Amino acid sequence: MNQFRFSRRPDIGEKVRVSFEFFPPKNDEMEARLWDTVTRLEPLKPKFVSVTYGAGGSTRERTARTVKRILNETTLTPAAHMTCVDAARDQVDAVIREFVDFGVTRFVALRGDPAAGVGTIYRPHPDGYANGAELVGALKSAGDFDISVSAYPEKHPESPDFATDIDMLKRKVDNGATRAITQFFFDNDLYERYVERARRAGIYIPIVPGILPVHNFTQVANFSSRCGALVPAWLAERFEGLGNDPQTHALVASAVAAEQVLDLVERGVGDFHFYTMNRADLVFAICHMIGIRSHEAEAAAGSAAA
Ligand code: FAD
1 MNQFRFSRRP DIGEKVRVSF EFFPPKNDEM EARLWDTVTR LEPLKPKFVS VTYGAGGSTR
61 ERTARTVKRI LNETTLTPAA HMTCVDAARD QVDAVIREFV DFGVTRFVAL RGDPAAGVGT
121 IYRPHPDGYA NGAELVGALK SAGDFDISVS AYPEKHPESP DFATDIDMLK RKVDNGATRA
181 ITQFFFDNDL YERYVERARR AGIYIPIVPG ILPVHNFTQV ANFSSRCGAL VPAWLAERFE
241 GLGNDPQTHA LVASAVAAEQ VLDLVERGVG DFHFYTMNRA DLVFAICHMI GIRSHEAEAA
301 AGSAAA
């Protein structure tokens with residue numbers, strides 16, 4: 001085993017930038033957990049934090065409330081996710097205006113999943129934006145925003161082939177996307193091949209890997225099969241037998257994610273987007289291992305060394 005890969009090299013933290021994704025809480029208990037998470041991760045100074053938008057706009061108000069609170073009560077820069085599902089253009093445009101009115105300048109623009117559920121046929125609203133590319137165009141014409149879009153290293157399940165998938169990403173870039181954030185993946189070769197494909201197609205925006213710390217392997221395995229992400233056999237083996245052992249599961253999960261991120265750093269990747277699932281511990285530990293630390297932690301390390 002190559003120990004060097006796990007040792008913290010002092011320059012890594014300077015090269016690496018992170019962003020964090022949260023989802024809007026459904027109840028008071030979840031709200032409290034989210035704010036504990038935000039408070040713990042804030043000192044790591046992410047480039048931005050994003051807040052998801054539920055299927056069919058079902059979380060519109062909760063997304064707006066969460067984004068507003070981040071703007072008003074933290075030093076963080078929020079990005080609001082938006083989807084096109086079941087909404088006419090004027091409804092989507094109204095949501096954009098609402099976000100802009102309270103100070104949002106970053107968006108994550110998505111088509112969204114079919115209202116009837118993943119795996120059913122997506123039917124755009126007759127008066128709506130048909131896909132992520134059209135939504136990017138609408139945002140771009142509303143202002144000079146920072147617009148992230150999705151990318152799929154293993155191609156989107158609805159894409160018949162990689163050429164179609166990359167073509168959709170190209171349309172989003174042509175309409176004004178600033179960066180792409182990937183669906184989570186566990187095989188870094190797949191990500192690298194996808195980025196090469198995109199570059200060959202003339203796509204030069206950053207394609208930021210989306211990293212999912214495995215809080216619960218069984219749930220991740222189920223979810224992965226629905227969204228077309230491969231769960232390699234080696235990953236299943238790492239978590240085998242840990243279903244009733246949350247402590248060991250968490251230790252293994254943080255090692256797996258740190259290993260993935262460090263390997264990507266070695267391949268030249270500098271930006272990472274973490275799907276936090278509104279939980280801080282694993283993300284905080286992984287950030288620590290790649291040298292992303294709060295000033296307080298750095299100061300404590302400095303005085304201990306002196
Ligand atoms: P698009 O980029 O518009 O399209 C995805 C693929 O479908 C394309 O690659 C294309 O090949 C194919 N396709 C689309 N339209 C057509 C067409 N007309 N003809 C042929 N092929 C077509 N979902 C949420 O509900 N809320 C969120 O907040 C959210 N956040 C996400 C964040 C990230 C970083 C990612 C990766 C996904 C997120 N999703 C979210 C999930 C996303 O909504 C689903 O994956 C959805 O199925 C596709 O949305 P999209 O914007 O990627 O679609």
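In the numbering used here, the protein residues as written are 1 to 306. We put the beta carbon where it would ideally sit given N, CA and C, even for glycine. These numbers come from a predicted model, not from an experiment.
#1: Would you identify the three-state DSSP class for residue 22, choosing helix, strand or coil?
#2: What does residue 210 pair with, by DSSP beta-bridge criteria?
#3: If distances are taken between C-alpha atoms only, which option among 158, 293, 123 and 76 comes closest to residue 20?
#4: State yes or no: is the C-beta of residue 83 nearer than 6 Å to some heavy atom of ligand 1?
#5: In whole angstroms, what separates the C-alpha of residue 133 from that of residue 247?
#6: Strictly by DSSP, which residues pair up with residue 78?
#7: Under 7 Å, do residue 188 and residue 263 count as touching if we go by C-beta distance?
#8: According to DSSP, is residue 2 helix, strand or coil?
#9: Determine the contact status of residue 66 and residue 114, defining contact as a CB-CB distance below 7 Å.
#10: For residue 108, which residues does DSSP report across the bridge?
#11: Quick one: Cα of residue 327 to Cα of residue 29, how far?
#12: Starting from residue 162 and walking both ways along the alpha helix (DSSP H), at which residues does that stretch end?
#13: Output the distance between the C-alpha atoms of residue 79 and residue 179, rounded to the nearest integer angstrom.
#14: Is DSSP giving residue 123 helix, strand or coil here?
#15: With which residues is residue 179 paired in a DSSP beta bridge?
#16: I'd like the span of the alpha helix (DSSP H) that includes residue 246, first residue to last.
#17: Using 7 Å as the threshold, is the C-beta distance between residue 81 and residue 122 below it?
#18: Say yes only if the C-beta of residue 30 is nearer than 6 Å to one or more non-hydrogen atoms of ligand 1, and no if none qualify.
#19: Opposite residue 199 in the DSSP bridges: which residues?
#20: With H, G and I counted as helix, E and B as strand and the rest as coil, what does DSSP make of residue 89?
#21: At a cut-off of 6 Å, is residue 318 close to ligand 1 when judged by its beta-carbon and the heavy atoms of the ligand?
#22: Please look up how many angstroms separate the CB atoms of residue 284 and residue 34, rounded, as I've assumed it's under 8 Å.
#23: Taking all protein chains shown into account, decide if residue 32 is buried (16 or more other Cβ within 10 angstroms of its Cβ) or exposed.
#24: When you compare only the Cα positions, how much space is there between residue 127 and residue 92?
#25: Is the distance from the Cβ of residue 103 to the Cβ of residue 71 below 7 Å?
#26: Expressed to the nearest angstrom, what Euclidean distance is found between the alpha-carbon atoms of residue 193 and residue 207?
#27: Please report the Cβ distance between residue 110 and residue 83, rounded to the nearest whole angstrom; I am assuming they are in contact, meaning their Cβ atoms lie under 8 Å.
#28: Suppose the cutoff is 7 Å on Cβ atoms and the five residues either side in sequence are ignored; what does the same chain contact list for residue 95 look like?
#29: Taking only three categories from DSSP, how would you classify residue 279?
#30: Out of 48, 223 and 215, which one is the CA nearest neighbour of residue 245?
#31: Per DSSP, residue 17 forms a beta bridge with which residues?
#32: Just how far apart, CA to CA, sit residue 254 and residue 239?
#33: Taking Cβ positions, are residue 176 and residue 140 nearer each other than 7 Å?
Well, looking at it:
#1: strand
#2: 184 and 273
#3: 76
#4: yes
#5: 42 Å
#6: 49
#7: yes
#8: Summary for residue 2: the model assigns pLDDT 44, below 50, so the residue's position carries little reliability; its value from the coordinates is reported in the next sentence. DSSP places residue 2 in coil when its eight states are reduced to three.
#9: no
#10: 81 and 148
#11: For the chain, the structure presents residues 1 to 306; residue 327 sits outside this window and is missing.
#12: 162-174
#13: 12 Å
#14: coil
#15: 148
#16: 246-266
#17: no
#18: no
#19: Partner(s): none; residue 199 has no beta bridge.
#20: helix
#21: Nothing can be reported for residue 318: it is not among the residues displayed for the chain, which extend from 1 to 306.
#22: Going by Cβ atoms, the distance from residue 284 to residue 34 rounds to 15 Å, so no, they are not a contact pair.
#23: exposed
#24: 11 Å
#25: yes
#26: 12 Å
#27: 5 Å
#28: 60 and 82
#29: coil
#30: 215
#31: 271
#32: 12 Å
#33: yes
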